[in-house]
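Numbering (my numbering), first residue to last: 2 to 524.
Working notes, structure below.
Here it is, written out as structure tokens:
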């Protein structure tokens with residue numbers, strides 16, 4: 002029997018969460034190091050998955066299948082395609098940086114303070130989320146996926162509500178109220194989406210007689226499973242609604258700005274760079290593969306919603322006073338690009354969307370974590386409270402600028418390649434949508450450069466005059482992310498060669514081919 006590598010990759014952070022939570026309360030530093038070691042060990046396993054995956058091999062590789070709840074046809078089935086492998090690697094890469102960046106975020110404000118949960122809980126919850134996210138990327142049983150898709154909400158709820166941002170202009174009591182509101186809103190939105198999906202999962206089993214993604218897809222391809230058009234559309238909508246909430250797609254996005262604003266910067270990164278990717282990943286894996294005809298039927302409406310997300314998110318980002326809310330609305334705009342690329346139904350669009358998931362995770366992590374370092378120094382999230390930072394903390398300002406330039410998709414940085422592919426892939430089939438979406442790029446330049454100008458340039462405000470530059474631990478967090486942004490901006494092939502075969506298989510699922518160019522290239 003071969004080594005269950007996929008199970009091990011997800012189980013290791015779960016074991017780490019239990020071990021970290023069990024560390025005595027007085028051993029906060031030991032809990033931090035234990036969590037970091039487990040996250041690094043998980044990264045090693047994720048790299049092993051990446052190395053062992055053959056882009057030209059079978060669609061799902063490193064598969065595992067065991068009977069679980071036999072009476073209901075539920076199996077413990079795991080497998081990864083190129084898209085899943087890329088996102089597992091992204092998740093495992095970001096978690097150690099998230100832990101390092103949040104090294105002091107759960108420490109008491111003063112000796113004996115009971116206003117913050119134990120440090121052990123903070124890091125244990127992060128590892129628990131990592132385990133559930135990785136299993137979501139691996140699951141090929143629909144019911145198994147649903148369990149972890151929903152279960153990750155619980156640790157996220159406690160991370161938002163129990164370990165929120167300490168920088169609040171109205172004091173600790175108001176901050177606690179806002180954290181609770183943001184956590185409950187996050188939970189309710191996602192639970193409603195999950196309950197609707199559960200109804201669709203049950204409906205799928207009634208129609209197909211199986212929860213296995215591969216069995217259902219094979220039955221559909223062979224013609225032995227023929228869903229009625231109306232049934233397929235309703236089931237598609239049940240799945241898509243849950244994924245759109247998680248993504249987050251307008252108008253189901255309103256939980257995200259509150260959650261990111263009230264979270265610590267590392268938890269905000271965990272939300273938008275890791276957890277939210279499960280929604281867009283699931284659109285590719287489940288919506289398009291299980292319901293190809295319904296996906297094509299819904300495409301025009303979804304593209305309009307994605308376009309609204311792009312413009313709406315960017316416009317609201319321009320007017321934000323709060324740094325974290327600005328990044329949150331920018332992420333809503335970026336997720337609009339990702340969803341637009343998925344439903345453009347072209348290989349360029351879907352490759353760009355998958356690459357965008359990876360690049361957005363890296364760029365958002367870089368920008369938000371540096372913003373978190375900035376906020377922790379000043380004790381304020383308000384843009385107006387800063388000015389002249391680049392004169393007193395040039396390294397911090399420089400890395401903040403690189404993260405911002407990546408957010409606006411500057412050529413030479415990783416997000417540019419993915420955004421370009423999404424726009425090209427959309428324009429070839431839906432030129433009007435593609436043209437309007439380009440205004441999101443203009444607005445991104447506006448909100449990013451205005452943010453940098455107001456916080457980093459101009460006269461040095463007295464409150465930031467003695468602000469220290471990035472420390473060694475913070476440089477260890479930021480420097481690798483900056484290197485990755487530049488490397489993947491210049492040479493994205495290591496990622497594209499993994500995801501492209503999976504994208505071609507997804508295109509085959511929906512029976513779509515790329516539009517032929519109207520003018521043949523000169524030979």
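Note that CB positions come from ideal geometry on N, CA and C, so glycine has one too.
Asked: Identify, in the order they occur along the chain, each residue of the same chain with its Cβ nearer than 8 Å to the Cβ of residue 139, setting aside the five sequence neighbours on each side.; Found: 7, 10, 11, 79, 80, 81, 85 and 89
Asked: Per DSSP, which residues does residue 384 bridge with? Please list them.; Found: Its beta-bridge partners do not exist; DSSP assigns none.
Asked: How big is the Cα-Cα spacing for residue 122 and residue 297?; Found: 44 Å
Asked: Around the C-beta of residue 59, are 16 or more other C-beta atoms found within 10 angstroms, so that it is buried, or is it exposed?; Found: exposed
Asked: Determine whether the beta carbon atoms of residue 339 and residue 281 lie at a separation below 8 Å.; Found: yes
Asked: Could you tell me the alpha carbon to alpha carbon distance between residue 497 and residue 98, rounded to whole angstroms?; Found: 24 Å
Asked: Which partner residues does residue 492 have in the DSSP bridge list?; Found: Bridge partners of residue 492: none, in fact.
Asked: Restricting to Cα atoms, I'd like to know which of 294, 287, 387 and 218 is closest to residue 231.; Found: 294
Asked: Would you call the CB atoms of residue 33 and residue 120 closer than 8 Å?; Found: yes
Asked: Quick check on this structure: which residue in 335, 382, 108 and 381 has the alpha carbon closest to the alpha carbon of residue 359?; Found: 335
Asked: Report the residue ranges of all alpha helix (DSSP H) runs contained in full by the segment 233-274; include only those spanning at least 4 residues, in chain order.; Found: 256-263 and 266-270
Asked: For residue 458, does the three-state DSSP call read helix, strand or coil?; Found: coil
Asked: Enumerate, from N- to C-terminal direction, the unbroken alpha helix (DSSP H) stretches of 4 or more residues contained entirely within the segment 412-466.; Found: 415-430, 432-438 and 440-457
Asked: What separation, rounded to the nearest whole angstrom, lies between the Cα atoms of residue 37 and residue 362?; Found: 19 Å
Asked: Nearest to residue 72 by CA position, among 135, 210 and 160, is which residue?; Found: 210
Asked: To the nearest angstrom, report how far apart residue 511 and residue 491 are at their CA atoms.; Found: 32 Å
Asked: Less than 8 Å between the CB atoms is what I'm expecting for residue 386 and residue 464, so what's the real figure, rounded?; Found: 7 Å
Asked: If you run the structure through DSSP and keep just helix, strand and coil, what is residue 186?; Found: helix
Asked: Who are the Cβ neighbours of residue 228 in its own chain at under 7 Å, not counting the five residues just before and after it?; Found: 208
Asked: Short of 8 Å in beta carbon distance, which residues of its chain neighbour residue 63, apart from the five on each side in sequence? Order them along the chain.; Found: 6, 7, 50, 53, 54, 79, 80 and 81
Asked: How is the beta strand (DSSP E) around residue 107 delimited, first residue to last?; Found: Careful: residue 107 lies outside any beta strand (DSSP E) and carries neither H nor E.
Asked: Compare the Cα-Cα distances from residue 455 to each of 241, 268, 398 and 105 and report the closest residue.; Found: 398
Asked: Compare the beta carbon distance of residue 14 and residue 200 with 8 Å and say whether it is the shorter of the two.; Found: no
Asked: Helix, strand or coil for residue 350, going by three-state DSSP, please let me know.; Found: helix
Asked: Could you tell me the distance, in whole angstroms, from the CA atom of residue 113 to the CA atom of residue 23?; Found: Any reading at residue 113 needs caution, since the residue's pLDDT is 46, under 50, leaving its predicted position unreliable; the model's value is listed next. Whole-angstrom Cα-Cα distance: 20 Å.
Asked: Does DSSP put residue 322 in a helix, a strand or coil?; Found: coil
Asked: Taking the C-alpha atoms as reference points, what is the distance between residue 348 and residue 418?; Found: 14 Å
Asked: When you compare only the Cα positions, how much space is there between residue 125 and residue 20?; Found: 8 Å
Asked: Taking the alpha-carbon of residue 161 as reference, which of 69, 260, 244 and 193 has the nearest alpha-carbon?; Found: 260
Asked: What is the C-beta distance between residue 237 and residue 318, in whole angstroms, given that I count them as a contact (C-beta under 8 Å)?; Found: Not a contact, Cβ separation roughly 31 Å.
Asked: Cα separation between residue 375 and residue 217?; Found: 50 Å
Asked: For residue 494, count neighbouring Cβ atoms within 10 angstroms of its own Cβ and tell me buried if that reaches 16, exposed if not.; Found: exposed
Asked: Mind checking whether residue 310 and residue 343 have CB atoms under 8 Å apart?; Found: no
Asked: Taking residue 394 and residue 470 to be in contact with their CB atoms under 8 Å, please state how far apart those CB atoms are, rounded to whole angstroms.; Found: 4 Å
Asked: In whole angstroms, give me the CA-to-CA distance for residue 505 and residue 180.; Found: 43 Å
Asked: Over the uninterrupted alpha helix (DSSP H) stretch that includes residue 223, give me the two end residues.; Found: 214-223
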